[in-house]
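Everything in the sequence shown is counted per the numbering used here, starting at 32 for the first residue and increasing by one.
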Amino acid sequence: MMSAPISLRTNAATLPAPIRPGQPITALAPMQDVTDLAFMRVIAEIGAPDYFFTEFFRVHAQSRLEKHILCSIDENTTGRPVFAQLIGEDLLHIERSARELLRHPVAGVDLNLGCPAPKVYKKNVGGGLLRDPDHVDAILGLMRAAIPGLFTVKMRIGFEDTRNFDRILDSVKRHGVDLLTVHGRTVKEMYRSEVHYDWIAHAVQRVTCPVLANGNVTSPEAAIRILETTGARGVMIGRHAIRNPWIFRQCRERFAGLDVSTVTLAEVRAYIDRLYRATADPDVPERAHVNKMKKYLNFVGQSVDAAGAFLHDMRRTQTEAELFAVCDRHLLEQPTRAFSPEPYPGIIARPNCETPSAESDGCSLDTVTA
Ligand SMILES: Cc1cc2nc3c(=O)[nH]c(=O)nc-3n(C[C@H](O)[C@H](O)[C@H](O)COP(=O)(O)O)c2cc1C
């Protein structure tokens, strides 16, 4: 068993127990335009993570908590806690938004110190804040004072290098942050570089709160390897949970020393069907909904076949009928064939779009690859 015996700091609130007490924590990463209520419900039906995080609430002088994100908190029926994530830099409005969030059934409030989209970091929010450790310190102090319950932070290891990492980790420690997630890349490294697990291990040593390791946790085997390398309390998984929503259940099996259950292509077909129905909106035309589905399926397709034939055909569909015909052809002709636990080598989710463009206002499915 991989549980790391790190004692929790003695703040008023303690972290929610994982589904299997004593096991490492698993969390679904916050993902803009992905981790909405519908997606969280689909994941929970297949095999919930221990914790959910919302996509970020933008905070600025005119901001109001976005209703569609609030839904994922107020109507959470997953049975698992949801942390609400904020992104911003203005002290007054961060405090206001944090207090507003506390009127909702949040497990805690999380600060985004990692979004790498140029339009975001140029405003000195998200990953941009990593250039200004004094300001991060002020935000952490203010949020800690405003949040009597769980206050969590999700950060990258730096902006273009790790020069400010220790100062920010020391602020995390000083202000009694309850849980720190570290995505082991700099902002400039975006999403496709190697992940620096040694820097996550460094964070684990430097802070007193539990740390979740994030970045390329592709499978239960990878989770075990990363937990061993970093000493982290758990793992946060993003893109590979879109690809393989069974990953949280499989991690629990692996952490318990059991065989990891195999997923068949027929089960993948059922997942796609469920996701299509869960994310359908009567106000969104069929073509637009199919296009949205393609963005999830870009990840799923990495494990369907080694040649990328499913991805090739799926990307050319325009209607629901075409999309499901492609799914039937690739997933139901050999329904008991195994869905690969790891992505097939060289199969990239979005081959033409490695980095978010300057116009992108966040981390969106339009711009992020795997
Ligand atoms: C489509 C997409 C949207 C994202 N949106 C957010 C976000 O709103 N907040 C955040 O902290 N990170 C966001 N991220 C980053 C992920 O939470 C995570 O740190 C990153 O994808 C690395 O983990 P992975 O390799 O498991 O995907 C986003 C990532 C993707 C792919």
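Glycine included, C-beta positions come from ideal geometry on N, C-alpha and C. Just so we're clear, the structure is a prediction, and the values are computed from it rather than from any experiment.
Distance from the C-beta of MET267 to the nearest heavy atom of ligand 1 is below 8 Å. Using a cutoff of 8 Å, the CB of ASP64 counts as near ligand 1, since one of the ligand's heavy atoms is closer than that. Within the same chain, ILE188, THR193, PHE196, VAL213 and GLY215 come within 8 Å of TRP230 by CB-CB distance, once the 5 residues on both sides are set aside.
Just so you know, the alpha carbons of GLN116 and LEU101 end up roughly 11 Å apart. Under the DSSP assignment, HIS271 falls in the alpha helix (DSSP H) whose first and last residues are 270-274. If one requires a minimum length of 4 residues, the alpha helix (DSSP H) runs lying completely within the segment 199-271 are 228-237 and 251-261, in chain order. The straight-line gap separating the alpha-carbon atoms of ARG134 and GLY180 is approximately 12 Å. The Cβ-Cβ distance between PHE87 and ASN143 falls below 9 Å. Taking the C-beta atoms as reference points, ILE255 is found no nearer than 9 Å to ALA244. Rounded to whole angstroms, the separation of the alpha carbons of ILE170 and GLU120 is 7 Å. Straight-line measurement puts the Cα of ASN155 at about 10 Å from the Cα of CYS146. Set against 8 Å, the gap from the CB of ARG280 to the closest heavy atom of ligand 1 is not smaller.
For the pair of segments examined, the segment 321-333 was found not to touch the segment 260-268: the number of CB pairs separated by less than 8 Å stays below three. Counting along the chain, no alpha helix (DSSP H) covers ALA58; the unbroken beta strand (DSSP E) around it starts and ends at 56-59. Scanning the segment 123-173 from its first residue to its last, the whole alpha helix (DSSP H) runs of 4-plus residues come out as 149-152.
ASN107 sits away from LEU132, with the two beta carbons spaced by 9 Å or more. GLU106: not part of any alpha helix (DSSP H); DSSP gives it neither H nor E. An exposed status is given to GLU259, since fewer than 16 other beta-carbon atoms sit within 10 Å of its beta-carbon. Per DSSP, the continuous beta strand (DSSP E) segment holding THR85 begins and ends at 83-89.
Taken through DSSP and simplified to helix, strand or coil, GLY189 comes out as strand.
The continuous stretches of alpha helix (DSSP H) do not include VAL315, and DSSP gives it neither H nor E. The criterion of a C-beta distance shorter than 9 Å is satisfied by THR293 and ALA369. Taking the Cα positions, GLN281 is about 43 Å away from ALA92.
Sequence-distant Cβ neighbours of ILE178 in its own chain, meaning closer than 8 Å and more than five residues away, are ALA129, LEU133, GLY139 and VAL140. Selection ALA48, GLY53 and PRO47 evaluated against ALA287 yields GLY53 as nearest (Cα-Cα). When the Cα atoms are used, ARG95 and ILE125 turn out to be separated by approximately 11 Å.
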